[in-house]
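> Numbered per the working numbering, the sequence shown spans residues 1353 to 1568. Just dropping this structure here.
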Amino acid sequence: MSTEVFLTWEAPVARVRFKDERGIHILSADVRRRLNEVVGEIERLDDCRIVVFEAEGRTFIAGAQIKEFQGLNIGTAEALAKEGQCLMQRIEDLQPITVAAINGAAAGGGCELALACDQRIASENVRIGLPEVTLGLVPGWGGTVRATRLLGEHVAKRMILSGELLTAESALSLGLIDALFAAEEFTEAVERRVAQLYSGGPMACRAVKELIRQMR
């Protein structure tokens, strides 16, 4: 059984949930296609204020499907990179506030998805990073740019060139994640953050996102 993507909607919060019977979630081509569909559904929601990306199991998202990288040539590699970049950009451009609720490993594509969100909340057992160089690859879905924009050049180089998966504490200290909670408190903490974000004026929040986007 492969990773499945579910969208639940209870105004004003949409939840995108990854689920796999193994508890390990992979951003395969099929999963990315489904995620694109889900993002399209969210874009059509009139009263959506917040989108939470979350997962059930041992990982948030463990990365892409490595088998898909085998046998690539320049043309197919560029097409794969562009497809992933468009998906992550579409997530970043969502008008609602986006929250990555990271309950486990967020590696490679999982870290890139988290970087595309407005906020990243993590459980204490999280390991997060961009390990692509250890496989002879580069973070091709916008992670290099977003990590540099968020963390600065020096820290982004340290993380990406080493392929290091950071502990939750290290990620918090560097600014890669915004808040860290004990595993037993995580679900409740996410709901508190959602409620806090919802308290802001909807037009003001959208305006802030747009103004920040224009400053890039």
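Just so it is clear, CB atoms sit at the ideal spot from N, CA and C, and this is done for glycine as well. What you are looking at is a predicted structure, and each value in this text was computed from that prediction instead of being measured.
1. How would you call residue 1406, buried or exposed, if buried means at least 16 neighbouring beta carbons within 10 angstroms?
2. For residue 1554 and residue 1560, what's the separation of their Cα atoms in angstroms?
3. If you draw a straight line from the alpha carbon of residue 1541 to that of residue 1514, how long is it in whole angstroms?
4. Could you tell me the distance, in whole angstroms, from the CA atom of residue 1402 to the CA atom of residue 1383?
5. Leaving out the 5 sequence neighbours to the left and right, which residues in its chain are closer than 8 Å to residue 1394 when beta-carbon positions are compared?
6. My parser needs the alpha helix (DSSP H) runs of 4 or more residues fully inside the segment 1480–1563; what are they?
7. In whole angstroms, give me the CA-to-CA distance for residue 1501 and residue 1422.
8. Within a Cβ cutoff of 7 Å, which residues of the same chain sit near residue 1558, ignoring the five residues on either side of it in sequence?
9. Give a yes or no on contact between the segment 1434–1444 and the segment 1482–1496, applying the rule of three or more CB pairs nearer than 8 Å.
10. Using alpha carbons as the reference points, say which of 1531, 1450, 1434 lies closest to residue 1475.
11. Cutting at 7 Å between CB atoms, please list the residues of its own chain near residue 1363, excluding the five before and the five after it.
12. Taking the C-alpha atoms as reference points, what is the distance between residue 1376 and residue 1458?
13. Please state the DSSP three-state secondary structure of residue 1392.
14. Tell me where the beta strand (DSSP E) around residue 1450 begins and ends.
15. Keeping to the same chain, check which residues put their C-beta closer than 7 Å to that of residue 1357; ignore five residues upstream and five downstream.
16. Residues bridged to residue 1370 by DSSP?
17. For a test of the three-state rule: what should DSSP assign to residue 1476, helix, strand or coil?
18. Rounded to whole angstroms, what is the Cα-Cα separation between residue 1538 and residue 1426?
19. State the CB to CB distance for the pair residue 1415 and residue 1461, rounded to an integer number of angstroms; the pair is presumed to be in contact (CB under 8 Å).
20. Quick one, which of 1417, 1430, 1413, 1409 has its alpha-carbon nearest residue 1467's?
21. In or out: residue 1568 buried (at least 16 other Cβ within 10 Å) or exposed?
22. When you compare the CB positions of residue 1518 and residue 1564, do they come within less than 7 Å of one another, or not?
Taking the geometry as given:
1. Position 54 of the sequence shown, counting from 1, holds the residue named residue 1406. By the neighbour-count rule (16 or more Cβ atoms within 10 Å), residue 1406 is buried.
2. Counting from 1 along the sequence shown, the entry for residue 1554 is found at position 202. Counting from 1 along the sequence shown, the entry for residue 1560 is found at position 208. Distance between the alpha carbons of residue 1554 and residue 1560 is about 10 Å.
3. Within the sequence shown, the letter at position 189 stands for residue 1541. Within the sequence shown, the letter at position 162 stands for residue 1514. If you take the alpha carbons of residue 1541 and residue 1514, they lie about 31 Å apart.
4. Along the sequence shown, read from residue 1 onward, the residue named residue 1402 stands at position 50. Along the sequence shown, read from residue 1 onward, the residue named residue 1383 stands at position 31. Residue 1402 and residue 1383: Cα-Cα distance of roughly 22 Å.
5. What you label residue 1394 is simply residue 42 of the sequence shown in a count that begins at 1. 1359, 1366, 1368, 1400, 1403, 1446, 1448, listed in sequence order.
6. 1495–1503, 1505–1514, 1520–1526, 1538–1550
7. As a first step, residue 1501 is located in the sequence shown; it is residue number 149 there, counting from the start. As a first step, residue 1422 is located in the sequence shown; it is residue number 70 there, counting from the start. Spanning the two alpha carbons is a distance of roughly 30 Å.
8. Reading the sequence shown from its first residue, position 206 is the one you call residue 1558. Taken in chain order, the residues that qualify are 1447.
9. yes
10. Here the question's residue 1475 lines up with position 123 in the sequence shown. Residue 1475 has its Cα closest to that of 1531, out of 1531, 1450, 1434.
11. Reading the sequence shown from its first residue, position 11 is the one you call residue 1363. Excluding positions up to five away in sequence, the list reads 1399.
12. Residue numbering aside, residue 1376 sits at position 24 when the sequence shown is read from its first letter. Residue numbering aside, residue 1458 sits at position 106 when the sequence shown is read from its first letter. Straight-line Cα distance between these residues: approximately 10 Å.
13. Position 40 of the sequence shown, counting from 1, holds the residue named residue 1392. The answer is helix: DSSP assigns residue 1392 an H, G or I state.
14. Walking along the sequence shown from the start, residue 1450 turns up at place 98. Run containing residue 1450: 1449–1454, per the beta strand (DSSP E) assignment.
15. Mapped onto the sequence shown, residue 1357 falls at position 5. So the qualifying residues of the chain are 1368, 1370, 1383, 1386, 1387, 1390.
16. Translated into the one-based positions of the sequence shown, residue 1370 becomes position 18. 1357, 1407, per the DSSP bridge assignment.
17. The sequence position of residue 1476 within the sequence shown is 124, counting from 1. DSSP places residue 1476 in coil when its eight states are reduced to three.
18. Residue 1538 sits at position 186 when you count from the first residue of the sequence shown. Residue 1426 sits at position 74 when you count from the first residue of the sequence shown. Going by the C-alpha atoms only, they are around 42 Å apart.
19. In the sequence shown, the residue the question calls residue 1415 occupies position 63. In the sequence shown, the residue the question calls residue 1461 occupies position 109. 5 Å between Cβ atoms; contact.
20. The residue given as residue 1467 occupies position 115 in the sequence shown. Checked all of 1417, 1430, 1413, 1409; the closest Cα to residue 1467 is 1413.
21. Numbered from its first residue, the sequence shown carries residue 1568 at position 216. Answer is exposed; the Cβ neighbour count stays below 16.
22. For this step, residue 1518 is matched to residue 166 along the sequence shown. For this step, residue 1564 is matched to residue 212 along the sequence shown. Contact: no.
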